[in-house]
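Input: a single structure, listed below in C-alpha cells.
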Amino acid sequence: MTRFIPTRPAGRSPTGPSSTGPSPRVRTLAQREARAGRTLLAPTLVVIVLVIVVPIAWTIVLAFQDLRLIDIRRRGLMGDFTLDNLTGVFSSPGFYNALTTTLLYSVVGTATSIGLGLVAALALRGWFRGRAVVRGFMLLPFVAPVVAVTFVWQTMLNPQFGIINEIGTSVFGWTNPIAFLTQRSTEVSILGLEFDVPVALLTVMAFQAWRYFPFAFLFITARMTAIPAELEEAARIDGATPTQRFRYVIWPQLLPVIALLTVLRFIFTFNEFDDIYLLTGGGAGTQVVSVRIYDLLTARGDIGAASAQALVLSLVLVILLGIYFRFFGRHLQDA
Amino acid sequence: MSTVSYDGVSRTYPGNDRPAVDRLDLQIDDGECVVLVGPSGCGKSTSLRMLAGLEDVDAGTITIGDRDVTHLAPKDRDIAMVFQNYALYPHMSVADNIGFALKVAGVGKAERMRRVREAATMLDLQELLDRKPRALSGGQRQRVAMGRAIVREPQVFLMDEPLSNLDAKLRVSTRSQIAALQRRLGITTIYVTHDQVEAMTMGDRVAVLNGGVLQQVDIPRQLYDKPANVFVAGFVGSPAMNLIRVPVVPDGVRLGDHVVPLDRATFARIDHNPEVILGIRPESCRTTPQDGPELHVRVELVEELGADAYLYGTAALGSDRHTDIVARIDPRCAPVTNAMVRLTVDSTQVHVFSASSGQRLSS
Amino acid sequence: MAQTHQSRCRWNRDAVETRVFGVLRWLVIAVLVLVTAFPLYYMVMLSLRSLDQVVLRPGVLWPAEFDVSTYVSVLTSVADGGQGFLVFLRNSFVIAVLTVAATLLAAIPGAYAISRLRFAGRRQVSALFLAVYLFPAILLAVPLFVFFARIGLRGSLVGLLIVYVAQTVPISIYMLRNYFETVPVSLEESAAIDGCSRFQIIRWISMPLALPALMSTALYVFMIAWNEFLFALLFLAEDRDRWTVSLGLSQLAGSIEIPTTVLMAGSVLLTLPIIGIFFLAERMLVEGLTSGAEKG
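Residue numbers (this note's numbering), protein chains in the order written: chain L, 751 to 1085; chain P, 169 to 531; chain V, 16 to 311.
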C-alpha cells in the first residue's frame, strides 16, 4: 500500500476531479481562521501603527532634518537632510551629563525598587490578621496619580514648612533644613572623609524606589505563592535555617521573575519622564535624557535636536538590553 | 437524520510527515451507530473532528445526507457533539446550556423552553435546570451534555469519548442509557472510544483504526470471530488473542509437538510461505484433556475473576522456542504457580494470519 | 519546632535566625506601612488645614480644627474665583471612560485573535506590541506633537484619546490574552457546533468567561488614562478649559498665588477616585496584572 499523500491536494486529488481543491469560494478551516485573526486584529494594528510605529519612523526622519517648531506649519515631511543634529548630540557636553545621570538613575532605581519589593514580599509572606489591608497599602504609591504623589513629596520635603525638614531640625537636630529637590550636592563628612553627596539625584532615586517597589512586590508575591509549600517543608526537614531556605529554595525559584522585572523596570526607568520632571523639573543635577528632550522641544522648539536625542536614547537602551539578554536570556525564557 | 460518508478522507497535521488519518473510506447508514475505536493516536478523534468541521480535510470528501460538508463551517453542518470533558458553558444554567443552540438558531423563547423541558425529562434533569454546571456531579454533567445534543434533533450525533470521565460503575449504566436513547431517537451516531468493551456494546458496527488507517469495519460479533488482520485480532477481546508465529508443515502448522490441521482454502492462501501467525483465543484453550493439539505450559500467574480464571504462562514450542500464552480456565481447578499443565487447543477455533502482511488467511 | 535534635542548646543557628527574622519582619512591615501610607495621610491632613497654620506649625500631625474651605475653593469655577477643578474632573473622567471603551473595543478582538487563532504574522504582531514599551513616551511625543499640530488635533480631547488608546491597547491585549488562553478550547468548539459564528463565540462564550479579566483590564486602563500626565501636558496645556486633573494640578503647583493646602485638596480629588477603585477591585487588578508571571 502506498502511503503517499500529496500535501496540496489541489487538482491532483486521489479521489478524482469531484474533490475539493481550494476554489475561490471554498475556504479551509485554516484559511477562515487566518482571515478571522487578521480581521479581529486589524483595529488594534491600525492604531498601533498610526500612533506608535509611524511616529517612531518619523522621529528617525526628523532627526536628520533642521526643523524648528515654528516651521512645521509651512514645511513638508521631507525637508533638507542633515547630520548636524546627530553630531550635535554627541558634541554637546549636556547630553553626556544627561546620559550619565540617566544610567545612574536607572541602575540605582531598578535595583532599589526590586530590592525593596523583594523585602516587602518576604515580610508579607506569612499570613497575619490584616495582611490584605497591608498589601493594599503596599500598592498605594504605584496606583496613586503621579502628579498627586510628586506634589505631596515636594510639600513634605519643602524647606520652609515640609514635615521632613521639621522633624529633621526639631528631632534629629539638623542645623539647617535641607533643600532636597533643589540642592545639587552637599558635603558630608563621615569618619573624617569628605564626600560630595548629590542630594537632589538621591531624592529622585528614593522617590523612584518608593513609587515602583509595589510593581516588583506584586510580581514577586505572585511567584512566591506559586512555589509549592512542600519544597520549603522538605528543606526544613533537611535542617535548613531560614536564610538557607531562602538562599537554596526560594531564591532560585524567584530568579526568573526577578530577571524579568529587571528588564521591565530598567526599560521604564530609563525612559522615565514624569517623575523627575514633576519633582525637580530636571534641575539640580537630575536632568535625565528624556527631560532634556522635552526641554529642547518646548523651550527651544528644536524638533531636529529633540528627535536625534530621542533616537540615540532608544539606541542606547536597545544596546544595553542586547547585552543583558546575552547574559540573562535563559532566565527570561523561564519567566 | 442522514447518512454519513467519508470518501478517501485524509488529514496531515502541519509539521507532520505521516497523515493522522489516511484515506478513510467509511459509509454510515441512516440511524446507525458506528463506533470508531483504536489506541490513542490512531486517528479516531481526528476523523470525528473532521466530520464536525473542527479540523481541516486535506483530501477527500465528507458528505452528510447528500450535502458535501467537507469545507463547511461547523455551524452549517447540523450536527451535535458530546465532548470528552462535556464542554458545558460554566456561566450558563443547565437550561441555558441545553437551549443554547436553539437560542443561536433563533428559536423563540416559549418553544425553546418546551424543547429544553422535553429533553430534560428524557434525561431526568428536570430538577437541575436552574443549576450551574459546577454544582453538578460527573454523571449529571454527562447527561446535560447529552441533553444539549438531543434537544437540537440534529442530523448526526458525534460523541468523543463521552464516558471516559465517569467512574467505572457509572460508565456501565450510562453506556446502556446512551445506547437505548440512540436507538429510540434513531439518529445517526458516530461514537469515538478507546475502550473496546464500550465499542462492542454500543455500536451497530465498529470501525477499528490504527496509525490513521482503517483496519476493519464490521458488526461486533464478526469483528471478534473474524478479525481481518493481526492488529484487530490483538485489539479486540480481553485478554487479547494469543498470536504465535509457527512454521507451516505439509498438512497444517506445527504448534509444539503437534500439528494443527488447516482447511484447504486457508492452506491455499498461505501460498508457500514458510511461517504464519496462529491466533488462539484464551477461551479456545482447555486444561481438561481433550482431542487436539497440546501445549506444555509452565504457569506463571493465575488471575481469578470469580466466574472465570485466566492462566498466564510460558508454552514450550520445541527446540528452545517459547511463547507467552493466556488461557481461560475453570477457576475451581486452577493450577498453582510454577506447575506444569497441558493446554489443549480447539483446532476448529484457530485464526491464521500472514506472517508478512498480517492479513487474515483463514476463512 | 519540636524536632530540633540539639534541643539542649537553645541558641542554635536555626533558632537565632527564626527569632531575629520574626522581629525584623514586624519592623519591616511597620516601616513599609508608614512609608506607603504616610504621604497620603499627609496629603489629606494638609488639605484640611489653613496655610497659615501649616507654615506656623509644620510638625502638627492631627489638625486642631478641620477646614474644608480648601475643597470649596478648588472646585469653584475660575469665573467665581476658584480653581475650576470640577471641569478638570469632568475632563479626566470623560477621557478615562472613553479610553477604556475604545481600548477594550480594540483589545478584546485583538487579544482573542492572538490567543486563539493561528495566522501568519501572529508572533510578529505580539512582538511588535511588546516593543511598543521599549521606546520612551517622549520619543513618540515629538512626532505626535508635530502631527497633531498639523492636522489641528492638538489641543483636542480626540487626539489625546487616540494616543491613550495606543498606549493602553498593548498591555490590555497582554492581560486579556493570558485569560482567554485559560478558556478551554472545547467550549468554543462546542459553541461552534451549536451554531455560533466566530463573533457569536466571542460574544457569548469568551467574553462572559473572561469577565473578571475584562473588569481588571478596564480598571487598569482607567487608572493609566486618569493618571497620565505627559501627553496631556503636550496636547492640552494651552487651553485651561480642557485640562485634566493631573495637568491642572501640575500646572498650578508652580503658582505662588494658590495656597498649597488648596492644591492638596486638588490632589485628594485626583487621588480619591483611583484609590477608591483600587480598594474595591484590588484582587482582580493584581490577578490580571500578574497572571502571566505566575506560570513561570
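Where a beta carbon is used, it is the ideal one built from N, C-alpha and C, also for glycine.
Keep in mind it's a predicted model, so treat the numbers as computed, not measured.
Note on geometry: alpha-carbon atoms of L:TRP1001 and V:LEU264 lie some 42 Å from one another. Contiguous alpha helix (DSSP H) elements confined to the stretch 321-407 of chain P occur at 336-353, 364-370, 388-393 and 398-403, taking only those with 4 or more residues.
In the three-state scheme derived from DSSP, where H, G and I count as helix and E and B as strand, V:ASP67 is classed as helix.
Listed by position along chain L, the residues whose Cβ is nearer than 8 Å to that of P:ASP224 are THR778, LEU779 and ALA780.
A straight line joining the alpha-carbon of P:ARG489 with that of P:ASP190 spans about 38 Å. Collapsing the DSSP output to three states places P:ILE230 in a strand.
For secondary structure counted as the beta strand (DSSP E) over 3 or more consecutive residues, the stretch 240-279 of chain P holds these complete runs in sequence order: 247-250. Bounds of any beta strand (DSSP E) do not take in L:LEU836; it lies within the alpha helix (DSSP H) bounded by 834-841. DSSP places P:TYR480 within a strand segment (E or B) once states are collapsed to three.
Here the C-alpha atom of L:ASP834 lies approximately 40 Å from the C-alpha atom of V:ASP256.
Against chain V, the CB of P:ASN184 has no partner CB under 7 Å away; the residue lies outside that interface. When secondary structure is reduced to three states using DSSP, P:THR491 falls in the strand class. For V:PRO199, no chain L residue has a C-beta closer than 7 Å to its own C-beta; the minimum C-beta separation is roughly 18 Å. Within the stretch 55-73 of chain V, the residues whose Cβ lies closer than 8 Å to some Cβ of chain L are LEU55, TYR57, MET58, LEU61, VAL69, VAL70 and PRO73, listed in chain order.
Secondary structure at P:CYS210: coil, using DSSP grouped into helix, strand and coil. In terms of Cβ geometry, L:VAL897 and V:PHE244 form a close pair [threshold 7 Å]. Non-local C-beta neighbours of V:ARG64 in its own chain, meaning closer than 7 Å and more than five positions away in sequence, comprise PRO78, ASP82 and THR276, ordered along the chain. Taking 7 Å as the upper bound on Cβ-Cβ separation, chain V lies near residues ILE1017, ASN1021, PHE1023, ASP1024 and LEU1028 of the stretch 1016-1038 of chain L. In the same chain as P:PRO407, and ignoring 5 residues on each side of it, the C-beta atoms closer than 7 Å to its own belong to PRO450, TYR478 and VAL494, in chain order. In this structure the stretch 366-378 of chain P touches the stretch 194-208 of chain P; the number of beta carbon pairs closer than 8 Å is three or more.
Between V:LEU295 and chain P, the shortest Cβ-Cβ separation is not below 7 Å. Under the DSSP assignment, P:SER522 falls outside any alpha helix (DSSP H), being part of the beta strand (DSSP E) whose first and last residues are 519-522. V:GLY97: not part of any beta strand (DSSP E); DSSP gives it neither H nor E. Taking the beta carbon of V:GLU204 as reference, the chain P residues within 9 Å of it are ARG217, ALA220, LEU222, PRO242, MET249, PHE251 and ALA255, listed in sequence order.
Listed along chain V, the residues sitting closer than 7 Å to P:HIS259 by beta-carbon distance are PRO223 and LEU224. For P:ARG422, the enclosing beta strand (DSSP E) begins and ends at 420-423. Around the beta-carbon of P:ASN397, 16 or more other beta-carbon atoms lie within 10 Å, marking it buried. Contact between V:ALA228 and V:TYR194 holds, with the beta-carbon distance rounding to 4 Å and staying under 8 Å. Here the alpha carbon of L:PHE1023 sits roughly 38 Å from the alpha carbon of V:SER221. Contact annotation for V:GLY136 against chain P: no contact, minimum CB-CB distance about 16 Å [criterion: below 8 Å].
At a Cβ-Cβ threshold of 7 Å, L:LEU779 and L:ILE1053 do not count as neighbours. Going by C-alpha positions, P:ALA263 is about 9 Å away from P:ARG316.
Per DSSP, P:GLN195 lies in no alpha helix (DSSP H) segment; the continuous beta strand (DSSP E) that holds it begins and ends at 189-196. Boundaries of the beta strand (DSSP E) harbouring P:SER178: 172-179, taken from the DSSP string. Within chain L, the C-beta atoms nearer than 7 Å to that of V:THR275 come from THR905, in chain order.
Apart from the 5 residues on each side of it in sequence, L:ILE1026 sits with its Cβ closer than 7 Å to the Cβ of VAL954, GLY1032, THR1036, VAL1038 and VAL1041 in its chain, given in chain order.
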